[in-house]
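Residue numbers (our numbering): 17 to 269. Structure record follows, encoded as structure tokens.
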Amino acid sequence: KELTPKLSLFVSRVNLQLQSFLKTKVTGELQLTGKGEPYLLSGRLRVDEAVISSLEAKAGSKPTGEPVLSFDLKADADNQLFVRTDVLDGEFSGDFKVVGNTNKIGLLGKTEVLKGKINFKDTPFEIISGTARFERADEIFPRFSINGRTVVREQKGRAYQDYEVNLQALGTPDDYKIRLTSNPPLVEQDLISLLVLGVTTRGQEGNYFDLGTAIMGQSPIKSKIQSELGVDIKVQSAPGQGPTISDSSADSR
């Protein structure tokens, strides 16, 4: 009976770059087996440090030919598992499996946020709690639930009002939902205005900032709101009232 070659080795804090966007430093036992490509790289590892710089596959040419390696790696990380993207900068812990191959790597398992920040509308929110599940064997594709909090100050002349704004993000990188709440409570229109412009529509009262007039008179501000929110903004005036803003896309719902 023909034997399958097998190489076993112990590694200690060895740099292992599985993909361009996934760099790790690991300790543990590895086995390399197989008679030819793709060789199977398996084992159990402790993640001393890891950095994921993208949560979606990089654009570019697809790998050609057979993969060199296939993966069956079990790993655990008590900490030092970092996700650093434009939207999320956090430290995680978790247990997971690295599967797939050098052409298409996959990740299975669950992680929890230890600390970090999530950016929404150019506003950083401190992460209070969060989890991410990786459920696809052919890519790194998290399904996440993250709760964040920040404090935004609205200046009203010499006075000011601080708002604690809470964010909940649910879903995947391709399909997610954002829910915002605040204390003191604000309606969604005021919350979005506060995050984008630093002022609520309540600031139109008296000598405060007139948001509706500003949008009517300054198209760059209107364009900024539309680009930030992804909705069409219209301005309207009711008899005896100042200008107000609304989401015109809601009219067609």
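Heads up, the beta-carbon is just placed ideally off N, CA and C, and yes, glycines get one too.
Query, Result
"Length of the line joining the Cα atoms of Asp105 and Phe87", "27 Å"
"Spatial distance of Arg62 from Gly110 (CA atoms)", "11 Å"
"Runs of beta strand (DSSP E) lying entirely within the stretch 122–173, each at least 3 residues, in chain order", "139–152, 158–172"
"Close beta carbons around Tyr192, own chain, < 7 Å, minus the five adjacent residues each side", "Ala185, Leu186"
"Ordered list of beta strand (DSSP E) runs contained in the stretch 38–88, each at least 3 residues", "38–49, 55–68"
"Three-state secondary structure (DSSP) of Arg36", "For the sequence presented, residue 36 should be read as Ser rather than Arg. Coil at Ser36, not helix or strand."
"Chain-order list of residues whose beta-carbon lies under 6 Å from that of Leu38 (same chain, five-residue window excluded)", "Ile68"
"Neighbourhood of Ala148 by C-beta distance below 6 Å, restricted to the same chain and skipping five residues each side", "Thr127, Pro158, Phe160"
"Spatial distance of Tyr179 from Glu151 (CA atoms)", "37 Å"
"Unbroken beta strand (DSSP E) run spanning Asp111, endpoints", "104–116"
"Euclidean distance between Cα positions of Gly52 and Gly164", "48 Å"
"Where Asp206 falls: helix, strand or coil (DSSP)", "helix"
"Residue nearest to Gly173 in terms of C-alpha spacing, selected from Arg29, Gln47, Val215", "Val215"
"Beta-carbon contacts of Lys120 that lie in its chain and below 6 Å, excluding the five residues immediately before and after", "Asp154"
"Helix, strand or coil at Thr217 [DSSP, three-state]", "helix"
"Any chain C beta carbon closer than 8 Å to Ser86", "Chain labels in this structure do not include chain C; a single protein chain is all it has."
"Rounded straight-line distance, which links the Cα of Asp102 to that of Leu71", "10 Å"
"Buried or exposed by the 16-neighbour rule on C-beta atoms within 10 Å, applied to Ile194", "exposed"
"8 Å Cβ shell around Leu271 - same chain, five flanking residues per side excluded", "Any answer about residue 271 is impossible in this case: the structure gives the chain only from 17 up to 269."
"Sequence-distant residues of the same chain with beta carbon closer than 6 Å to Lys90, five excluded per side", "Arg60, Lys113"
"Whether Val115 touches Gly122 by CB criterion (8 Å)", "yes"
"Glu170 and Leu130 closer than 8 Å at C-beta", "no"
"Beta-carbon proximity list for Asn31, same chain, < 8 Å, skipping 5 on both sides", "Lys39, Thr40, Lys41"
"Paired residues, beta bridge with Thr197 - DSSP", "Asn182"
"Thr188 - partner residues in DSSP beta bridges", "Asp191"
"Residue from Leu213, Val168, Asn95 with nearest C-alpha to Gly132", "Asn95"
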